[in-house]
Amino acid sequence: MIVAEAVGGLLAAAGVRAAFGVVGSGNFHLTNALVSHGVRFVAARHEGGAATMADAYARMTGEVAVVSVHQGPGLTNAITGLAEAAKSRTPLVVLAGEATDARSNFHIDQDAAVRAVGAVPMRVSDPAEAARHTLEAFRVARDERRTVVLNLPLDVQAAETELGGERPERAAAAVRESRPAAPAASAEQLDGLRRLLDGAERPVFVAGRGARHARAELVELAERTGALLATSAVAKGLFRGSPWDLDVSGGFATPLTAELVRGADLVVGWGCALNMWTTRHGSLIGPGAKVAQVDLDLAAVGLHVPADHGVVGDVAEVARALTAGGERAGYRSPELARRIREEGRWRAVPYRDESGGGRVDPRTLTIGLDDLLPAERIVATDSGNFMGYPAMFLDVPDERGFCFTQAFQAVGLGLATAIGAAVARPDRLPVAALGDGGAFMGIAELETVVRLGLPMVVVVYDDEAYGAEVHHFGPHGHPLGTVRFPPADLAAIARGYGFAAVTVTGPADLAGVAEWLKGPRERPLLVHAKVTGDRPSWWLEEAFRGH
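Residue 519 in UniProt numbering sits at position 519 of the sequence shown, and the numbers go up by one each step.
Spelled out as structure tokens, the structure:
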């Protein structure tokens with residue numbers, strides 16, 4: 001067999017179940033080899049979409065996903081999605097054809113291109129070494145949580161190899177079964193965190209992506225210490241159902257959550273970077289509050305806010321080791337439980353409904369959708385001025401109900417994110433929340449939704465502008481003609497792709513969504529929401545401060 005066929009077989013044997021990509025001459029045999037060995041291949045309409053779909057799939061399953069791209073432009077088309085995945089430490093293996101002859105119009109320095117966005121470049125230069133490099137790419141992606149680009153020169157791909165025998169298959173199986181042990185927290189580190197917890201009167205736990213497997217352990221430790229429970233945006237839903245769940249800390253936090261996090265005397269980040277978004281540029285860390293972090297990576301401790309104590313280890317193991325001992329009330333009281341119950345969600349915060357004049361208030365829209373859509377949902381959002389509304393007002397059932405590809409803050413990834421999440425979780429209704437800017441950027445993937453038969457709801461918050469720029473520059477008197485656009489009938493466009501569609505200009509129009517939900521949902525639904533655009537968002541102002 002040729003190297004391309006062997007690489008596909010080895011990745012399948014190592015445990016890869018899904019691949020995403022756009023097929024060209026440089027990755028044709030690679031992709032077919034994956035398929036022939038039982039890997040599901042999802043053909044995207046753009047490589048950027050393929051990379052983002054794979055990113056979302058890996059986040060929602062915890063598995064290594066594969067991206068397959070053509071040499072040169074196939075890889076550069078995928079770069080934005082790869083930057084998001086690399087910044088998020090998503091385990092991906094990208095199979096990229098490579099033209100190594102500088103005379104080829106497809107030739108670029110692919111190593112430099114992917115290294116620039118934080119991905120790890122590797123290469124198969126010798127057919128005899130193809131198995132070793134392929135399995136090492138898989139291992140680094142999985143065990144080090146990295147996005148790895150495995151460059152495969154065309155001449156090497158086509159070379160004959162003996163890698164199809166029993167020994168490479170055994171090697172792949174060994175890699176599949178092997179898992180490195182998480183670093184064990186030292187007794188000194190554990191004792192230090194135990195002392196902080198025992199001395200805290202108002203502790204708050206903020207759990208991030210690295211804690212999504214540790215709900216039970218964190219809830220039990222919080223019971224003992226009297227801690228309140230919050231998450232970063234990427235772990236939204238982790239503590240759903242707990243009476244002490246504050247939901248998301250940071251720019252999307254309710255006024256009550258912000259008050260309680262800011263009032264804590266100890267904030268513990270569990271698998272959470274405590275970055276500028278989660279702490280509102282540090283303003284949620286109150287004067288005199290102690291900060292501790294538990295993370296697998298020592299470099300994460302104190303990276304964004306000064307940390308008084310760090311523990312290197314698995315979140316669940318550390319929480320379990322600290323659970324023994326008596327219980328204390330900590331931050332908890334019957335009165336606070338009542339406040340969380342009555343004020344702890346955004347829909348409980350009063351606002352003036354600004355619907356009218358053929359436009360719907362995005363808060364009213366999103367609350368209406370939250371009431372209509374089934375609880376078993378998986379929500380993906382794009383970036384932009386609108387993004388807080390679905391993040392704050394659409395509830396999710398658990399930590400696997402929200403897919404947030406926002407480490408790079410790129411507009412246009414939302415629809416592809418929802419597709420990858422839907423492939424990962426076919427048991428849930430996928431909901432894509434997009435602005436009109438992001439919808440037009442990723443619009444080709446509407447065809448992918450239809451082709452895959454996904455019963456998706458795509459909600460477009462349409463203010464006919466790049467709202468972020470309108471609200472950032474408009475108050476200073478700058479001309480806005482470059483960031484405003486004429487009306488477009490997105491519902492009609494969606495129908496052209498094979499969607500059902502409804503246009504929403506007021507709350508009554510949501511009846512069309514209710515009708516679609518009754519079934520049979522044979523076509524996906526696009527909700528073209530003409531939203532009011534006069535209101536800037538407070539989370540957007542924080543975003544601009546972070547540029």
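Beta carbons are placed, not taken as given, at the ideal position from N, Cα and C, and that holds for glycine.
Note that the structure is predicted; figures quoted are calculated from it, not measured.
Beta-ladder partner(s) of residue i, from DSSP
i, result
"Val-502", "Val-527"
"Ala-112", "Its beta-bridge partners do not exist; DSSP assigns none."
"Trp-270", "Ala-207 and Val-294"
"His-309", "Ala-292"
"Leu-10", "DSSP output for Leu-10 lists no bridge partner at all."
"Ser-68", "Gly-21 and Leu-95"
"Asp-245", "Leu-229"
"Thr-147", "Leu-92"
"Arg-40", "Ala-18"
"Pro-153", "Glu-98"
"Ile-285", "Its beta-bridge partners do not exist; DSSP assigns none."
"Glu-5", "Paired residues: none, contrary to the question."
"Glu-160", "Ile-2"
Cβ neighbours of residue i in the same chain (closer than 8 Å, five flanking residues each side left out)
i, result
"Asp-297", "Val-312"
"Thr-323", "Glu-217, Glu-220, Leu-221 and Arg-224"
"Glu-306", "Strictly speaking, residue 306 in this sequence is Pro, with Glu absent from that position. If we look at Pro-306 and ignore the five residues flanking it on each side, its Cβ neighbours are Val-291."
"Ala-184", "Gly-313 and Glu-317"
"Asp-143", "Arg-179 and Pro-180"
"Leu-480", "Ala-465, Glu-469, Val-470, Phe-473 and Gly-474"
CB contact check: residue i to chain B, cutoff 7 Å
i, result
"Pro-475", "The structure shown contains no chain B; it holds only a single protein chain."
Cβ-Cβ separation, residue j to residue i (assumed contact under 8 Å), whole Å
i, j, result
"Trp-270", "Gly-208", "7 Å"
"residue 549", "Phe-402", "Because residue 549 is not part of the residues shown, which for the chain are 1 to 547, the question remains open."
"Leu-190", "Ala-321", "6 Å"
"Leu-454", "Pro-350", "Not confirmed; about 36 Å, so no contact."
"Ala-172", "Ala-4", "Wrong, their Cβ atoms sit about 16 Å apart, outside the cutoff."
"Gln-293", "Leu-266", "Wrong, their Cβ atoms sit about 12 Å apart, outside the cutoff."
"Val-301", "Thr-134", "Actually they do not touch by this definition, with Cβ atoms about 34 Å apart."
"Gly-467", "Gly-414", "Going by Cβ atoms, the distance from Gly-467 to Gly-414 rounds to 14 Å, so no, they are not a contact pair."
"Ala-416", "Val-315", "Not quite, the Cβ-Cβ distance comes to about 29 Å (not below 8 Å), so this is no contact."
"Phe-41", "Thr-31", "6 Å"
"Val-457", "Gly-498", "Rounded, the Cβ-Cβ distance is 15 Å, inconsistent with contact."
"Pro-121", "Asn-151", "7 Å"
"Arg-347", "Phe-386", "The Cβ separation is near 17 Å, so there is no contact."
"Ala-264", "Pro-203", "6 Å"
"Gly-344", "Thr-254", "6 Å"
"Glu-47", "Gly-74", "5 Å"
"Ala-58", "Val-22", "Between Val-22 and Ala-58 the Cβ distance is about 18 Å, and since that is not below 8 Å, they are no contact."
"Gly-226", "Arg-262", "Wrong, their Cβ atoms sit about 18 Å apart, outside the cutoff."
"Pro-374", "Leu-429", "5 Å"
"Gly-210", "Asp-295", "6 Å"
"Glu-399", "Ala-235", "6 Å"
"residue 571", "Val-67", "The displayed coordinates of the chain run from 1 to 547. Any statement about residue 571 would go beyond what the structure contains."
"Val-69", "Ala-56", "Not quite, the Cβ-Cβ distance comes to about 17 Å (not below 8 Å), so this is no contact."
"Val-531", "Pro-362", "4 Å"
"Ala-256", "Arg-195", "A quick correction: the sequence has Leu, not Ala, at residue 256. Going by Cβ atoms, the distance from Leu-256 to Arg-195 rounds to 29 Å, so no, they are not a contact pair."
Cutoff 7 Å; reference residue i; Cβ partners in own chain excluding five residues on either side
i, result
"Thr-364", "Asp-353, Ser-355 and Pro-507"
"Val-175", "Ala-14, Leu-135, Phe-138 and Arg-139"
"Ala-410", "Thr-80, Glu-84 and Ser-383"
"Thr-366", "Tyr-389, Pro-390, Phe-393 and Leu-394"
"Glu-469", "Val-483"
"Leu-372", "Leu-510, Val-513, Ala-514 and Leu-517"
Cutoff 6 Å; reference residue i; Cβ partners in own chain excluding five residues on either side
i, result
"Asp-245", "Leu-229 and Phe-239"
"Phe-408", "Ala-83, Glu-84 and Lys-87"
"Thr-100", "Pro-153"
"Gln-71", "Gly-26, Gly-97, Glu-98, Ala-99 and Phe-106"
"Arg-145", "Arg-89 and Pro-91"
"Ala-433", "Thr-381, Pro-390 and Val-459"
Whole beta strand (DSSP E) elements within the stretch 314 to 387, 3-residue minimum = 377 to 381
contact_flag[the stretch 484 to 502, the stretch 450 to 470] where n(CB pairs < 8 Å) is 3 or more = yes
If we count Cβ pairs, one from each stretch, closer than 8 Å, do we get three or more for the stretch 110 to 120 versus the stretch 436 to 454?
-> no
Of all the alpha helix (DSSP H) runs that stay within the bounds of the stretch 445 to 515, which reach a length of 4 or more residues?
-> 445 to 452, 467 to 473 and 490 to 497
3 or more residues per run - each beta strand (DSSP E) lying fully within the stretch 77 to 128 | If you keep only unbroken beta strand (DSSP E) runs of at least 3 residues inside the stretch 77 to 128, you get 92 to 98 and 120 to 123.
Three-pair Cβ contact test at 8 Å for the stretch 14 to 22 versus the stretch 55 to 64 = yes
Touch test, the stretch 376 to 387 against the stretch 416 to 427, Cβ-Cβ under 8 Å, three pairs minimum | yes
In chain order, which continuous runs of the beta strand (DSSP E) of length 3 or greater are located wholly inside the stretch 385 to 451?
-> When DSSP assignments are scanned along the stretch 385 to 451, the uninterrupted stretches of beta strand (DSSP E) that are 3 or more residues long and fall wholly within it turn out to be 429 to 435.
The stretch 527 to 534 contacting the stretch 497 to 504, beta-carbon criterion three pairs below 8 Å = yes
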